[in-house]
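Encoded as C-alpha cells, the structure appears first; notes follow it.
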Amino acid sequence: MVSEAENFVDAMIKQGIEPNVVMYNTLVNGHCLRNEMDKARIVFNLMIEKGCAPDIVTYSTMINRYCKDKRLDEAMELFHEISQKGPIPDTVTYCTLMQSLFQLGKVSTACELFRKMLASGQVPDIATCLILLDGLCKTGHIEEALRLFQAMRNSGLELDIVPYNILIDGLCKVGHIEFAKELFHQLSDNGLKPSVYTYCIMINRLCKEGLPDEAYRLLGSMGDNDCLPNSCCYNVMIRGFLRNSYTSKATQLLTEMVGKGFSADIFTATLFMDLIIYSNKSILL
Numbered sequence: 001m002v003s004e005a006e007n008f009v010d011a012m013i014k015q016g017i018e019p020n021v022v023m024y025n026t027l028v029n030g031h032c033l034r035n036e037m038d039k040a041r042i043v044f045n046l047m048i049e050k051g052c053a054p055d056i057v058t059y060s061t062m063i064n065r066y067c068k069d070k071r072l073d074e075a076m077e078l079f080h081e082i083s084q085k086g087p088i089p090d091t092v093t094y095c096t097l098m099q100s101l102f103q104l105g106k107v108s109t110a111c112e113l114f115r116k117m118l119a120s121g122q123v124p125d126i127a128t129c130l131i132l133l134d135g136l137c138k139t140g141h142i143e144e145a146l147r148l149f150q151a152m153r154n155s156g157l158e159l160d161i162v163p164y165n166i167l168i169d170g171l172c173k174v175g176h177i178e179f180a181k182e183l184f185h186q187l188s189d190n191g192l193k194p195s196v197y198t199y200c201i202m203i204n205r206l207c208k209e210g211l212p213d214e215a216y217r218l219l220g221s222m223g224d225n226d227c228l229p230n231s232c233c234y235n236v237m238i239r240g241f242l243r244n245s246y247t248s249k250a251t252q253l254l255t256e257m258v259g260k261g262f263s264a265d266i267f268t269a270t271l272f273m274d275l276i277i278y279s280n281k282s283i284l285l
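Numbering (UniProt numbering), first residue to last: 1 to 285.
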C-alpha cells in the first residue's frame, strides 16, 4: 500500500508535476470515501514526508471518516494534532466531532469542545447550534438545551421550525408535555407554522400521556395551518387510540385515512391487526 502511494507521487514528480496539497487531498478523500483508512493514513503520512503540510481540508476529511466509523480516539488524536501543527479547525471540523461525541454519549466532552470553539474565536452558525441542541435533547440534558435555545433566540439567529421541533421533541421525551405545548403555541407568535413532524411529535406524546382526545383535536386542527396529516400522523394517532382502548375511534380513523387516499403501510396494518388480535375483539365486524 505504501508503494502504491509512493509510486503515484514519484510518477508525478518524474513528469515534472510537483504534488501539492490539493492533489494529496484528492487521494486522501478518495480513500476515505471508499473507507480505506489505512491507505488514507499512508497518503497523509507520505505528504508530510515529502514536505507538503496537510491543511484543514486534509484533517477534516480524515476526522470525518474516522467519526463515521466510530473511531473517535483516532479522530480526536488528529484534532489535537491540528492545534500543534498550525491549521485552524473550522466549524465543519468542530461539528463533525461534536456530533460523533454526542452519538457516543460523551456529552461533557462535546460541550467542552464547543467551549473550545468559542474560545478560539469561531462564531457558531445555525448548523453548529442545531447539532449541539439536538445532542443535548437526545441525551436528556433538557435544561442545558433550553438555555442554548434561549441564547440562540437572543443572538439574533433567524430560527425556522427545525430548532423548535428538536426542543419540542426533547421536552416530550422527558415528559415535559406542558412546556412542549407552551412552545408549540409560541410558534405563531414567532411567525412560524408547525410542520407535519411537529404535529406528529405532539400527537404521539399526548397519546402516551393518556390524552388521546386532545391529540385527536390537534390532528383535526392541522388544516388550520395548511398542514395536512400524512400516513405517519394517522399511524401515531391510531396507535394512541388503540393504546387507550379507543378501538372504535381507531377503526373510524383507519377508514378516514384510506378515504383520503392514504395507503396504510405494513407497519400501520400490522400494528392495527396485532392490537385487535391481542385485545381479542373483532372490531371490524
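C-beta: ideal position from N, C-alpha, C; glycine also.
Beta-carbon to beta-carbon, Ala145 and Leu113 are separated by about 17 Å, too far to satisfy the 8 Å threshold.
In the structure shown, Gly220 adopts helical secondary structure according to DSSP, grouped into three states.
In the displayed model, Leu146 falls within a helix according to three-state DSSP. Between the segment 100-112 and the segment 120-128 there are fewer than three C-beta pairs closer than 8 Å, too few to call the two in contact. For Gly140, no alpha helix (DSSP H) run applies, since DSSP gives it neither H nor E. The Cβ atoms of Met62 and Leu78 lie closer than 7 Å to each other. Runs of alpha helix (DSSP H) with 4 or more residues, each lying fully within the UniProt repeat "PPR" (55-89), are found at 56-68 and 72-85, listed in chain order.
Cys32 and Gly16 have their C-alpha atoms some 27 Å from each other. Between the alpha carbons of Val196 and Lys181 lies a distance of about 15 Å. Selection Gly156, Gln186, Ile161 and Arg205 evaluated against His176 yields Arg205 as nearest (Cα-Cα). The continuous stretches of alpha helix (DSSP H) do not include Cys227, and DSSP gives it neither H nor E. Look at Ala40 here: in three-state DSSP terms it is helix. Within the same chain, and ignoring the five residues on either side of Ile142 in sequence, the residues whose Cβ sits closer than 8 Å to its Cβ are Leu136, Gly170, Leu171, Val174 and His176. Taking C-beta atoms under 8 Å as the contact rule, Thr91 and Thr58 fail to qualify, at a distance of about 17 Å. In this structure, the alpha-carbon of Ile88 lies about 7 Å from that of Ile82.
Taking C-beta separations shorter than 8 Å and ignoring five residues to either side along the sequence, the partners of Thr139 in its chain run Phe102, Gly105 and Val107, following chain order. By the criterion of at least three beta-carbon pairs nearer than 8 Å, the segment 249-264 is in contact with the segment 228-240. For Ile168, the enclosing alpha helix (DSSP H) stretches over residues Ile161 to Lys173.
Looking at the backbone, the Cα of Gly240 and that of Glu178 are separated by about 18 Å. Of Arg147, Leu72, Leu187 and Arg153, the smallest CA-CA separation from Ile161 is found for Leu187. In the DSSP annotation of this structure, the continuous segment of the alpha helix (DSSP H) that includes Arg115 starts and ends at Val107 to Ala119. Under the three-state reduction of DSSP output, Gln252 falls in the helix class.
Counting the other Cβ atoms within 10 Å of the Cβ of Phe267 gives fewer than 16, which makes it exposed.
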